[in-house]
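Numbering (full-length UniProt numbering), first residue to last: 1 to 450.
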């Protein structure tokens, strides 16, 4: 597991009632399911941890923490870094520690009209962190405060996603759909006239963006693999010329032994290029003419054909190996999504991206998917593209919009997609299907404060 994922979460004074240490022993694995009675704070814990670990300063993370009802929260990362938020009167004290050493502190309080956090300096005095207006020039600034805290947080924490009970996926790494701004205005001014339409449109825009970004991510990986697998053309011609310049007797004795081996490798290449061509990761290659040249009766011609073909075949095999990983990822992704869909399938081509068709072959727009299908596809898109950095996904009540079959498949499907990646899932759920199938991953919320 990555050294930037979540090891444990501790919350005190949640709703003024509950104190939790999660897990009670050990640490979170690559997937964990928080379970408890209604109203004991499962969803709230996910939200608090998400806001605490998110560094963006324009998404309302600190305000959300400030307004929540809790006394303190601590999130320990597998790196040993400890992130904390503690309430002190009208201030929320945010701190980051490593190996019991304080790295940075930011005493946060919401901005007052006409002021900003940049109007203040933070300084230690008598063992306490105090705020002092910048206009006082007799104060020497310390390396504590908003900028230092956010910079340290960004370097220390994993990438975070949260899928809430309203099926809204949030992350600092995801740009809001353009209609999301309009949605927030409507909600702020309590204008419900177009709320449902805007919410639906926002979800559809978000899914389209996710599909487009995933297509670009796959294409980029495919290009990187192709570049890595390209044998230098100059080197291939050098090998060919080298064989042509050899004496005839040395050619036949060395190259005839390679003929049978090449004849065995050629069908494998043809089969593999056909597989990769399904996603336009390679061009189908017919090897019939190569096999004919290697099967001629003349030993001299067979030897020459083997000498000429061997470096070329090796270069092809190198290119195919270089895109093997992205092929396996795409193949697993497409297969997983299709295992959830009924009467429709998703397809992918490097050149055109993702497409949806029904069982009669009629193209479908992503907006024609059900809300549950849209939710799943959106989640899996971001899970696939999160492989490039340590990432934690927090998923609140995944059973919402998911039928029993999907609930049974969900956790294992996510783990299959992320095999070998530095990705972690923390669920909050009541689903008996999830709980019964993943008992060893269940963490029950038990109040240790009475």
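Note that CB positions come from ideal geometry on N, CA and C, so glycine has one too.
CB contact flag (residue i, residue j, <8 angstroms)
i	j	result
residue 357	residue 373	no
residue 417	residue 336	yes
residue 350	residue 218	yes
residue 432	residue 40	no
residue 31	residue 415	yes
residue 207	residue 402	no
residue 440	residue 158	no
residue 458	residue 272	This structure gives no information on residue 458, because the portion of the chain shown stretches from 1 to 450.
residue 33	residue 404	no
residue 291	residue 309	no
residue 366	residue 147	no
residue 172	residue 78	no
residue 8	residue 76	yes
Alpha carbon of residue i to alpha carbon of residue j, nearest angstrom
i	j	result
residue 287	residue 270	6 angstroms
residue 329	residue 420	11 angstroms
residue 44	residue 6	17 angstroms
residue 105	residue 145	6 angstroms
residue 281	residue 214	15 angstroms
residue 85	residue 12	11 angstroms
residue 71	residue 81	20 angstroms
residue 423	residue 163	15 angstroms
residue 293	residue 277	25 angstroms
residue 66	residue 352	45 angstroms
residue 393	residue 226	31 angstroms
residue 74	residue 83	6 angstroms
residue 319	residue 211	26 angstroms
residue 435	residue 268	44 angstroms
residue 261	residue 275	22 angstroms
residue 216	residue 223	10 angstroms
residue 304	residue 258	11 angstroms
residue 425	residue 395	7 angstroms
residue 334	residue 317	25 angstroms
residue 96	residue 35	28 angstroms
residue 63	residue 169	19 angstroms
residue 59	residue 110	13 angstroms
residue 327	residue 279	8 angstroms
residue 389	residue 355	27 angstroms
residue 285	residue 380	32 angstroms
residue 23	residue 413	24 angstroms
Helix, strand or coil at residue i according to DSSP, with G and I counted as helix
i	result
residue 338	helix
residue 447	coil
residue 284	coil
residue 297	coil
residue 27	coil
residue 269	helix
residue 71	coil
residue 356	strand
residue 20	strand
residue 383	helix
residue 400	coil
residue 439	helix
residue 15	coil
residue 171	coil
residue 424	strand
residue 349	strand
residue 303	helix
residue 279	coil
residue 369	coil
residue 10	strand
residue 311	helix
Inter-residue CB distance, residue i and residue j (contact presumed, cutoff 8 angstroms)
i	j	result
residue 161	residue 382	6 angstroms
residue 108	residue 92	5 angstroms
residue 399	residue 428	Contact doesn't hold; Cβ gap of about 10 angstroms is too wide.
residue 167	residue 375	5 angstroms
residue 448	residue 49	At roughly 18 angstroms, the Cβ-Cβ gap does not stay under 8 angstroms, so residue 448 and residue 49 are not in contact.
| field | Sufficient close CB pairs (3 or more, under 8 angstroms) joining the region 48-63 to the region 145-155 | value | Taking 8 angstroms as the limit for Cβ pairs, the verdict is that the region 145-155 does touch the region 48-63.
| said: Can you confirm whether the region 408-419 touches the region 4-19 when touching is taken to mean that 3 or more C-beta pairs between the two stretches lie within less than 8 angstroms? | reply: Judged by Cβ distances under 8 angstroms, the region 4-19 makes no contact with the region 408-419, as fewer than three pairs qualify.
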